[in-house]
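So that you can map any letter, position 122 of the sequence shown is 178 in my numbering, and since no number is skipped, the others follow by simple counting. No residue lacks a Cβ here, since even glycine has one placed at the ideal position from N, Cα and C. Values in this document were obtained by computation on a predicted structure and should not be read as measured data. Beneath this line is the structure, given in structure tokens, with notes to follow.
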Amino acid sequence: MRLLIELPTWLGDAVMATPAIENIVEAYPECELVLFGSFLSTQLFLEHPNVTKIIVDKSRNWGNRYLNLYKYAGEIGRVDIALSFRSNFGTKFLFWFLDASQKCIYRKEKNIERHQVLRYNDFINSCLGLQTAPGNLKIHQKQMSLEKRGRKTVGINPGATYGSAKRWYPEKFAEVAISLSEQYDIVIFGGPNETDIASDIEKGLQKKNLTNYTNLAGQTNIPELIRKISELDLFITGDSGPMHVAAAFQVPTVALFGPTKDKETNQWKNPNGIIVKKEMACAPCMKRTCPLKHHECMKFIEAKDVLNAVRELT
Numbered sequence: 057m058r059l060l061i062e063l064p065t066w067l068g069d070a071v072m073a074t075p076a077i078e079n080i081v082e083a084y085p086e087c088e089l090v091l092f093g094s095f096l097s098t099q100l101f102l103e104h105p106n107v108t109k110i111i112v113d114k115s116r117n118w119g120n121r122y123l124n125l126y127k128y129a130g131e132i133g134r135v136d137i138a139l140s141f142r143s144n145f146g147t148k149f150l151f152w153f154l155d156a157s158q159k160c161i162y163r164k165e166k167n168i169e170r171h172q173v174l175r176y177n178d179f180i181n182s183c184l185g186l187q188t189a190p191g192n193l194k195i196h197q198k199q200m201s202l203e204k205r206g207r208k209t210v211g212i213n214p215g216a217t218y219g220s221a222k223r224w225y226p227e228k229f230a231e232v233a234i235s236l237s238e239q240y241d242i243v244i245f246g247g248p249n250e251t252d253i254a255s256d257i258e259k260g261l262q263k264k265n266l267t268n269y270t271n272l273a274g275q276t277n278i279p280e281l282i283r284k285i286s287e288l289d290l291f292i293t294g295d296s297g298p299m300h301v302a303a304a305f306q307v308p309t310v311a312l313f314g315p316t317k318d319k320e321t322n323q324w325k326n327p328n329g330i331i332v333k334k335e336m337a338c339a340p341c342m343k344r345t346c347p348l349k350h351h352e353c354m355k356f357i358e359a360k361d362v363l364n365a366v367r368e369l370t
């Protein structure tokens with residue numbers, strides 16, 4: 057059986073779709089998966105044993121988007137089942153031209169508060185007539201020999217692709233890292249567009265003459281990011297894709313939430329995770345930038361709040 061899966065666009069959403077995808081594979085163990093999606097999301101599945109073809113959707117960056125989607129339908133070829141974890145006009149256009157016996161497109165029920173992992177799993181159950189429950193997040197990667205490790209390592213992840221409202225402050229991340237530096241070596245993470253905030257954290261560490269840190273912002277591809285996060289002893293992060301990567305490996309994590317709904321996008325089945333947030337009348341607003349211009353949902357979180365959560369974890 058050959059199945060097409062259109063992945064969610066964002067890294068974190070793609071990670072949260074992995075329990076549903078694993079349930080598909082369990083239902084059809086010999087299936088061949090063709091994956092279609094953004095570069096970020098498809099990179100998660102490079103080592104998945106059932107994936108036989110990956111097509112990166114570049115149509116947003118090209119002119120003639122719909123002509124290119126039509127061409128992708130031809131490149132995908134004949135499939136038995138086509139599933140999309142996205143819901144927009146582009147998906148509907150693509151699926152119109154797909155040669156598939158069965159087609160299912162995800163629809164989010166916006167008025168129901170439910171974890172995104174459950175939403176995705178409900179979708180595949182409804183489409184395929186299954187009765188599965190979602191297991192742990194799952195990212196397949198090659199087995200590598202474990203090197204002997206010295207000191208413990210804490211990862212600091214200040215970025216959040218969705219928007220600035222989700223970001224905590226670099227000086228506060230630096231304060232936390234400095235407090236932990238006697239027990240942990242420090243790794244600063246960030247994407248290509250997050251090097252500035254990572255650099256600000258680094259400057260804070262330099263002022264204290266710390267040398268036991270590495271700034272990897274803008275220097276890792278997705279497989280490298282996954283590997284680095286999986287090896288951490290502790291992760292401090294905002295609501296972001298890397299936060300969900302850490303959950304897949306049950307890395308002890310302190311996750312900072314402000315404008316987003318932690319009940320829908322917190323770490324799935326990570327017994328070693330703690331949420332730090334401040335209860336606000338205006339939160340969660342789900343906005344990319346603070347509509348009230350004060351950003352108090354993140355501003356009121358102090359370094360001591362995060363350090364108390366670390367102590368609770370460790």
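- prompt: Short check: CB of N213 to CB of T293, under 7 angstroms?
  reply: Position 157 of the sequence shown, counted from the start, is the residue given in the question as residue 213. Position 237 of the sequence shown, counted from the start, is the residue given in the question as residue 293. Contact flag set, yes.
- prompt: Could you give the distance in angstroms between the alpha-carbon of K315 and the alpha-carbon of C341?
  reply: For the purposes of this step, residue 315 is identified with residue 259 of the sequence shown, where counting begins at 1. For the purposes of this step, residue 341 is identified with residue 285 of the sequence shown, where counting begins at 1. Correcting the residue type first, residue 315 is Pro in the shown sequence and not Lys. C-alpha separation (whole angstroms): 5 angstroms.
- request: Compute the Euclidean distance between the alpha carbons of T270 and I278, then round it to the nearest angstrom.
  value: Along the sequence shown, one-based indexing puts residue 270 at 214. Along the sequence shown, one-based indexing puts residue 278 at 222. Near 17 angstroms, if we compare the C-alpha coordinates of I278 and T270.
- prompt: Name the DSSP bridge partner or partners of D241?
  reply: Numbered from 1 along the sequence shown, position 185 holds the residue referred to as residue 241. Its beta-bridge partners are T209.
DSSP state of N124 mapped onto helix, strand, coil: By 1-based counting over the sequence shown, the position of residue 124 is 68. Looking at N124 - three-state DSSP - the assignment turns out to be helix.
Where R283 falls: helix, strand or coil (DSSP): Walking along the sequence shown from the start, residue 283 turns up at place 227. Of the three classes helix, strand and coil, the one that applies to R283 here is helix, per DSSP.
field: Sufficient close CB pairs (3 or more, under 8 angstroms) joining the region 125 to 142 to the region 155 to 162
entry: yes
query: Taking DSSP as the reference, what is the three-state secondary structure of K426?
result: Not covered by the structure: residue 426. The range shown for the chain is 57 to 370.
message: Taking the alpha-carbon of F356 as reference, which of K333, K343 and R344 has the nearest alpha-carbon?
response: Looking up residue 356 in the sequence shown gives position 300. Selected option, being the one with the closest Cα: K333.
query: Going by alpha carbons, who is nearest to L174 out of T74, S220, A311 and K208?
result: Working through the sequence shown from its first residue, we reach residue 174 at position 118. Per the Cα distances, T74.
message: Which residue marks the beginning of the alpha helix (DSSP H) containing N177, and which one marks its end?
response: Along the sequence shown, read from residue 1 onward, the residue named residue 177 stands at position 121. Its alpha helix (DSSP H) spans residues Q172 to L184.
- request: State the start and end residues of the unbroken beta strand (DSSP E) segment that holds A254.
  value: Here residue 254 refers to the residue found at position 198 when the sequence shown is read from its first residue. That residue, A254, is in no beta strand (DSSP E); its alpha helix (DSSP H) goes T251 to K263.
message: Quick test of your reading: I282 and Q197, contact by CB under 8 angstroms. State the CB separation rounded to the nearest angstrom.
response: The residue you call residue 282 lines up with position 226 of the sequence shown. The residue you call residue 197 lines up with position 141 of the sequence shown. Indeed, because the Cβ distance is near 6 angstroms, the residues count as touching under 8 angstroms.
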